[in-house]
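Remarks on the structure that follows.
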Amino acid sequence: MKPPGVPCMLTNGHMRVRAAVRGLIVLLVSPLVGPSVAAAQEEIFAARRSKVYHIRLCSAAKNISAENRVRFKSEKEAVSEGRRLCKSCARLVEREAEAAEKAKSDGANTPADDAEARRRTTKDGRAEKDEGAPESPGAPVPSAGDAIKPSQPDRSQADEPEIETLSARVKEVVAGGTIVLESGEHVRLWGVGCPRSGQMDGEAAASFLAKRVKGRKVQLSWHRGEDGTSPRDALGRLVASVSYGSDKSDLASALLLEGLAWVDRGQPCPRRAEYLNREDDAAWSQRGVWKRLSGAAGRREAVVGKHTHQYHAPDCPHVAHLIEPATITLNEARGRRLSPCEFWRDAK
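First residue of the sequence shown? That's 12 in the numbering used here, and the numbers climb one at a time after it.
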């Protein structure tokens with residue numbers, strides 16, 4: 012993947028191949044899943060300062076205000092301005108194409124198959140069943156002496172984690188993405204990390220949160236552990252998803268889109284795919300924590316290790332535990348989509 016901020020340059024050959032593939036997808040999708048996706052691809056637009064463009068059905072595109080929206084006549088025009096297709100849009104088109112292909116293959120019965128199905132249907136609409144026939148293809152036919160075994164209960168539901176919900180009012184917001192409820196409970200946003208006090212954009216992130224939820228009611232949800240306890244981090248904070256407003260907007264998702272948080276790659280989260288898309292949009296546009304710094308600030312040294320998702324100061328105690336440590340600049344770390352460790356403090 013090319014680094015954020017570098018325009019996407021495609022040759023004429025690449026453009027022709029891309030157009031042909033997209034055209035084939037539209038031909039597959041349109042007759043089987045209706046005109047929605049085909050019509051959506053005719054509507055191409057982007058945010059004015061963004062490096063990506065969207066189709067109408069993309070969820071990320073709904074957050075672009077009318078005054079901040081730029082429309083394009085074609086994908087070629089969008090690409091010529093250095094923009095690339097949003098990953099959410101690309102996945103949407105791929106899923107629709109896969110669904111269309113599956114529907115096409117499922118509907119490929121022969122006339123003989125259809126006639127046999129009609130013959131084996133009773134007048135009350137239920138399918139006939141041959142006596143002694145197995146329940147499924149390949150299953151053995153039971154003999155007269157075989158005892159009928161009771162069906163086993165479906166345990167798939169029991170294996171799913173139980174979801175807890177809570178409606179509460181926010182008393183205050185502090186740096187580090189921590190929300191304090193009126194009850195005194197401290198809540199950390201599930202699946203993301205926010206700049207801490209002393210880190211660049213730490214105050215901006217806290218201000219963003221306070222503007223949206225301080226003094227207001229929010230809805231929290233989390234997965235209860237197998238032992239019945241609520242998930243908590245090392246600081247004792249409740250780890251939960253938080254939604255706010257009449258439309259139940261996800262607070263972590265809003266932070267990521269503004270570039271005021273990172274996806275926590277070390278923590279499983281059911282909304283991981285959505286969060287990565289939001290982070291990707293902010294990183295390509297160099298918003299918030301992804302903005303490149305000028306002068307000495309951007310050239311400041313940071314230490315990273317193999318397979319790491321964080322960068323560290325040279326004197327950080329974590330450096331001694333890194334595998335194959337290497338020194339890069341702060342701007343390079345941001346370009347690699349790395350987040351600062353808990354001990355990192357930005358220069359004043």
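Glycine residues also receive a C-beta, built at the ideal position from the N, C-alpha and C atoms.
All values reported here derive from a predicted model rather than from experimental measurement.
- Comparing alpha carbon positions, the residue from Arg223, Cys280 and Asp326 closest to Val314 is Asp326.
- In the three-state DSSP reduction, His197 falls in the strand class (E or B).
- Contact fails between the stretch 287 to 295 and the stretch 306 to 321, because fewer than three Cβ pairs, one in each stretch, are under 8 angstroms apart.
- Inside the stretch 259 to 334, DSSP marks whole alpha helix (DSSP H) runs of 4 or more residues at positions 262 to 268, 283 to 296 and 306 to 310, from first to last along the chain.
- In the structure shown, the three-state DSSP call for Phe56 is strand.
- Counting of Cβ neighbours within 10 angstroms places Arg235 among the exposed residues, the total staying below 16.
- When C-alpha distances from Asp244 are compared across Thr338, Leu349 and Gly277, the shortest belongs to Gly277.
- Burial check for Ser99: the Cβ neighbour count within 10 Å reaches 16 or more, so the residue is buried.
- Of the residues Leu231, Pro279, Glu183 and Ala58, the one whose Cα lies closest to the Cα of Lys222 is Glu183.
- When Cβ pairs closer than 8 angstroms are counted between the two stretches, the stretch 257 to 269 is seen to touch the stretch 200 to 217, the count reaching three or more.
- Assignment of beta-bridge partners to Leu231 by DSSP yields Leu177 and Val253.
- Arg95 and Arg82 have their C-alpha atoms spaced approximately 14 angstroms apart.
- Sorting Glu343, His320 and Gly316 by C-alpha distance to the C-alpha of Lys302 places Glu343 at the top.
- Residue pairing by DSSP places Glu183 opposite Val191 in a beta bridge.
- As the crow flies, the alpha-carbon of Glu193 is around 11 angstroms from that of Ser178.
- Ala251 is the residue among Val104, Glu92, Ala111 and Ala251 whose C-alpha sits nearest the C-alpha of Cys280.
- Beta-bridge partners of Arg82 (DSSP): Phe56.
- Exclusion of the five residues before and after Gly187 leaves Cys205 and Arg207 as the residues of its chain whose Cβ lies within less than 6 angstroms of its Cβ.
- Within the model, the alpha-carbon separation for Val330 versus His323 is close to 7 angstroms.
- Between Gly299 and Asp238, the C-beta spacing is not below 8 angstroms.
- For Ala215, the enclosing alpha helix (DSSP H) covers residues Gly213 to Val224.
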